[in-house]
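FYI, in the numbering used here the residues of the sequence shown are 1158 to 1383.
Let me begin by presenting the structure, written as structure tokens, before commenting on it.
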Amino acid sequence: MAETDRALKIAPANLDLIENKVMLHLAQGDLESARGVLRSVPATVEPTGLVAYLGNYWDLAWVLDDAQQQLLLRLTPSAFDGDRGTWGIVLAQTYYFRGDRARAKIYADTARIGFEQVLATVPNDAQRRAFYALALAFLGRKSEAEAEGERATALLPASRDNYIGSYIQHQLARVYTLTGNPEKAMDELEPLLKSNYYLSPAWLRIDPNFAPLKGNPRFERLIATK
């Protein structure tokens, strides 16, 4: 935290540093302090840029407060460099976190179409395939979602790339959670928490992505650790 604070004194409007500080608070299970970081950004930080960044990178729309989420939901694909797949999946997740499953499905289908168009050209793009799997999971296409998520992790496993590969494994855990397959979700989460990845037990305790796993004995043991 101290290193991030020092860096922010030099570049207080740097979105990567701002998000890094948010994530450090989340790793401690402190959602209120994470939101406090976002409320105290300098006036030079453009609000739409901030919410688009948080919604896109590391999928943190759930950390935004209500007003920030509403701003995010008003954005168009232009806020995401015209990438309709990314725009669609960000909005799908945000609506899902807000409990609006109908709109979540509408934007998940937009994301599905966008990712299918990209994957037709670059089928081995593991990260976009993971997002495609997530879109399918939001649409309730369970077997397809799991198959695509598994394909994504096979394309770039965490053993080969601890940074992006672990992130893709994280998305597969989310897919399994959405498809109602808690044991497979745990098979992905448990090794992630033993690796050099940003998730922590305290983070999982407050992350709505994994709220459906609460009550699962393996998940309860995992979040009980320090």
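Think of the CB as a built atom: it goes at the ideal place given N, C-alpha and C, for glycine as much as any other residue.
Please read all numbers here as calculations on a predicted model, not as lab measurements.
Alpha carbon to alpha carbon, what distance is there between residue j and residue i?
i       : j       : result
Ile1167 : Asp1223 : 30 Å
Asp1173 : Ala1259 : 32 Å
Glu1273 : Tyr1289 : 7 Å
Ala1218 : Ala1277 : 28 Å
Ile1175 : Val1198 : 8 Å
Leu1188 : Asn1319 : 26 Å
Ala1261 : Leu1228 : 16 Å
With burial defined as no fewer than 16 other Cβ atoms inside 10 Å of the residue's Cβ, what is the status of residue i: buried or exposed?
i       : result
Ser1235 : exposed
Ile1270 : exposed
Met1180 : buried
Val1279 : exposed
Pro1339 : buried
Glu1305 : buried
Thr1205 : exposed
Lys1178 : buried
Ala1171 : Note that residue 1171 is Asn in the sequence shown, not Ala. Its Cβ having fewer than 16 others within 10 Å, Asn1171 is exposed.
Ser1316 : exposed
Tyr1264 : buried
Let me know the secondary structure DSSP gives residue i once reduced to three states.
i       : result
Val1279 : coil
Gly1193 : helix
Ser1316 : coil
Thr1310 : helix
Thr1201 : coil
Gln1250 : helix
Thr1243 : helix
Thr1267 : helix
Asn1213 : helix
Gly1256 : coil
Lys1262 : helix
Check for me: the alpha helix (DSSP H) holding residue i runs from which residue to which?
i       : result
Leu1346 : 1339-1351
Asp1223 : 1223-1230
Ser1323 : 1321-1335
Thr1161 : 1159-1167
Tyr1355 : No alpha helix (DSSP H) contains Tyr1355, which DSSP labels as neither H nor E.
Leu1296 : From DSSP, Leu1296 is part of no alpha helix (DSSP H); its letter is neither H nor E.
Val1179 : 1172-1184
Pro1374 : 1374-1381
Say the cut is 8 Å; is the CB of residue i nearer than that to a heavy atom of the ligand ADP?
i       : result
Glu1340 : The ligand ADP is absent from the structure shown, which contains no ligands of any kind.
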